[in-house]
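Here the sequence shown is numbered in the working numbering, starting from 38 and rising by one per residue. Everything on this sheet refers to the single structure shown next.
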Amino acid sequence: MSSEAVAWALSTPIRYASAKFTLVVLAHECGPDLTCSATTVEALAEVTSTQRRNVQRRLAWLIAEGWLERHRVMGRCSAFILCDPRQASTGARFVVERQSAAMHNNSNSDSIAA
């Protein structure tokens, strides 16, 4: 799932390099349920080689713009779900989920046809 999530994150029209990189890093950690592994701002700052406050601003921006949904896990850890605000009008909030479901349906129809 991680490669599809990363490809999706790279294809987003986010103009801010640091915000896009933060989204790509989170997408890389994304599991099959679209939840990015629980992490802290400090861990993201280390991985993205930026200051903690910068990560906080980028996460706040991504959440406000609809690219992420945050869920507190425990203490200072948060889990994130990838969202696509471009799909809001169609009612599909999680575009990666839609792509994954489409791929799953295609693989099922291939196996049925075989």
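By construction, the Cβ of each residue, glycine as well, lies at the ideal position given by its N, Cα and C atoms.
Using a 10 angstroms sphere on the CB of GLU79, the tally of other CB atoms stays under 16, which defines it as exposed. Per DSSP, ARG90 is one residue of the alpha helix (DSSP H) stretching across 89-101. Burial state of ARG90 is exposed, judged by a 10 Å Cβ sphere holding fewer than 16 other Cβ atoms. Within the DSSP bridge table, the entry for SER115 names THR76, ARG109 as partners. With fewer than 16 other Cβ atoms inside 10 Å of its own Cβ, ARG123 counts as exposed. With a beta-carbon spacing of about 11 Å, VAL61 and LEU81 fall beyond the 8 Å limit used to define contacts.
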